[in-house]
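Have a look at the structure below, then the notes.
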């Protein structure tokens with residue numbers, strides 16, 4: 064169990080409520096179990112949280128080097144609010160995986176062709192994944208390119224993502240991975 068990890072919360076609510084909750088969350092060090100309770104409280108309260116609370120050090124690790132928007136709670140209302148464009152995109156959904164000694168984030172990286180990001184994210188609403196990030200990308204080849212770069216940067220080759228196999232190009236694409244220069248997962252062990 065991790066204890067004494069400060070967290071960050073961003074909410075869509077009145078300034079007064081948001082200020083009170085931020086003050087409570089940022090002024091105390093909250094253990095992982097209490098942190099999960101706080102998420103439950105936010106989820107079930109009248110406040111609409113579009114950002115989950117994260118331990119700061121993991122949040123920095125989560126978004127380091129990424130230009131993605133988020134993290135956002137994986138809720139239908141949040142998806143409908145924040146996904147506003149019908150362009151190709153890459154997305155990352157995360158879940159918390161706990162062991163007896165610690166908890167960590169494990170993610171799944173995906174891509175959405177033109178205009179399908181909302182539908183792709185909504186497929187995961189009833190899963191263990193709780194947060195998502197996304198990034199709009201211009202062009203279908205650029206989506207595969209960005210997904211490959213993120214897969215390598217986020218530890219895909221070492222099994223740190225739920226999708227352990229290298230991203231494959233869409234049927235008919237001749238694009239190769241810009242990192243390992245392959246479009247076949249057999250060469251990316």
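In this note's numbering, the protein residues as written are 64 to 252.
Ideal Cβ placement from N, Cα and C applies to all residues, glycine included.
If you drop the 5 nearest sequence neighbours on each side, which residues of the same chain put their C-beta closer than 7 Å to that of residue i?
i, result
"residue 139", "185, 188"
"residue 225", "169, 170, 171"
"residue 148", "199"
Alpha carbon to alpha carbon, how far is residue i from residue j?
i, j, result
"residue 208", "residue 131", "15 Å"
"residue 223", "residue 214", "9 Å"
"residue 216", "residue 191", "23 Å"
"residue 230", "residue 239", "10 Å"
"residue 311", "residue 212", "Past the edges of the chain, shown from 64 to 252, lies residue 311, and the structure says nothing about it."
"residue 141", "residue 158", "17 Å"
"residue 218", "residue 146", "26 Å"
"residue 183", "residue 163", "33 Å"
Ordered along the chain, which non-local residues of its own chain (more than five positions away) have a Cβ less than 8 Å from that of residue i?
i, result
"residue 203", "151, 176, 177, 233, 236"
"residue 201", "150, 151"
"residue 153", "131, 172, 173, 174, 175, 197, 198, 200, 206, 209, 210, 213"
"residue 181", "142, 143, 146"
"residue 241", "208, 211, 212"
Under the rule that 16 or more other beta-carbon atoms within 10 Å means buried, what is residue i, buried or exposed?
i, result
"residue 135", "buried"
"residue 160", "exposed"
"residue 210", "buried"
Per DSSP, which residues does residue i bridge with? Please list them.
i, result
"residue 153", "174, 198"
"residue 169", "158"
"residue 184", "Per DSSP, none; premise fails for residue 184."
Residues in its own chain within less than 6 Å of residue i by CB, not counting five upstream and five downstream?
i, result
"residue 155", "170, 172, 196"
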